[in-house]
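Structure first, then comments.
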Amino acid sequence: MRGGRNEVVEEYQHLIERGLTQESIYRGQLLKLRVDTVALPNGETAQREIVEHPGAVAAVPVTEDDQVIMVRQFRYPINQITIEIPAGKLEFGEEPETALKRELAEETGLKAGKIQLLGEFYSAPGFSNEKILVYLVRELSPQVITEKTDSEEFLEPVKIPLDEALRMAADGRLRDAKTIIGLNWAKAALRE
């Protein structure tokens with residue numbers, strides 16, 4: 162697995178910032194924002210704005226004929242249509258594989274037969290604790306969805322050959338970080 166745990170070791174103590182205080186600024190449905198005062202390694206203090214996120218999962222669903230099932234959707238913060246791998250946030254206390262199966266069914270109408278954790282990464286560690294776990298999903302079959310659980314999500318599944326999706330990531334047509342990372346990790350796993 163890629164992106165494993167990085168323990169703070171004695172050798173790097175001269176780089177560590179220590180939290181002194183936390184002030185909650187905003188609590189939304191998805192995110193929390195806080196401002197921490199930290200002690201810097203040189204003894205001075207500084208402010209750190211932190212976006213707290215519950216974490217997320219992302220799937221790279223690959224068919225038997227090496228097609229990747231992705232989703233096309235509008236992303237309001239960047240005012241663009243994107244093509245991304247299926248993904249979603251973890252609910253409180255939810256196991257990642259449970260979230261993965263839910264998101265895959267909701268976004269693509271598919272059920273995963275085989276799931277392999279490829280790795281995990283922090284999406285923006287300079288200001289957020291969001292960690293995304295990326296899975297390779299194989300042996301796909303149709304999933305009957307009784308009701309759409311995310312009424313605010315409008316997207317459409319698209320099927321793209323894996324090699325073409327990788328070219329799209331390399332030439333800038335795909336610009337979503339989790340998608341670029343997930344496709345490259347899937348490529349490595351499938352060629353092992």
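Position one of the sequence shown corresponds to residue 162 (the working numbering), numbered consecutively onward.
Ideal Cβ positions, reconstructed from N, Cα and C, are used throughout, including at glycine.
Could you tell me the boundaries of the alpha helix (DSSP H) in which residue i lies?
i           : result
residue 325 : 323-332
residue 180 : Counting along the chain, residue 180 falls outside any alpha helix (DSSP H), though it belongs to the beta strand (DSSP E) covering 179-188.
Tell me the rounded alpha-carbon separation between residue i and residue j.
i           : j           : result
residue 370 : residue 352 : Nothing can be reported for residue 370: it is not among the residues displayed for the chain, which extend from 162 to 353.
residue 186 : residue 212 : 10 Å
residue 303 : residue 270 : 6 Å
residue 171 : residue 333 : 40 Å
residue 230 : residue 298 : 10 Å
residue 174 : residue 289 : 22 Å
residue 221 : residue 249 : 13 Å
residue 225 : residue 344 : 16 Å
residue 265 : residue 210 : 32 Å
residue 320 : residue 257 : 24 Å
residue 251 : residue 284 : 15 Å
residue 184 : residue 274 : 44 Å
Please look up how many angstroms separate the CB atoms of residue i and residue j, rounded, as I've assumed it's under 8 Å.
i           : j           : result
residue 235 : residue 242 : 5 Å
residue 199 : residue 206 : 7 Å
residue 282 : residue 342 : 6 Å
Which two residues bound the contiguous beta strand (DSSP E) that contains residue i?
i           : result
residue 207 : 206-213
residue 280 : 275-283
residue 344 : Counting along the chain, residue 344 falls outside any beta strand (DSSP E), though it belongs to the alpha helix (DSSP H) covering 338-351.
residue 294 : 292-299
Is residue i helix, strand or coil by DSSP?
i           : result
residue 201 : coil
residue 192 : coil
residue 335 : coil
Quick one: which unbroken alpha helix (DSSP H) runs of 4-plus residues sit fully inside the segment 207-271? Chain order, please.
257-269
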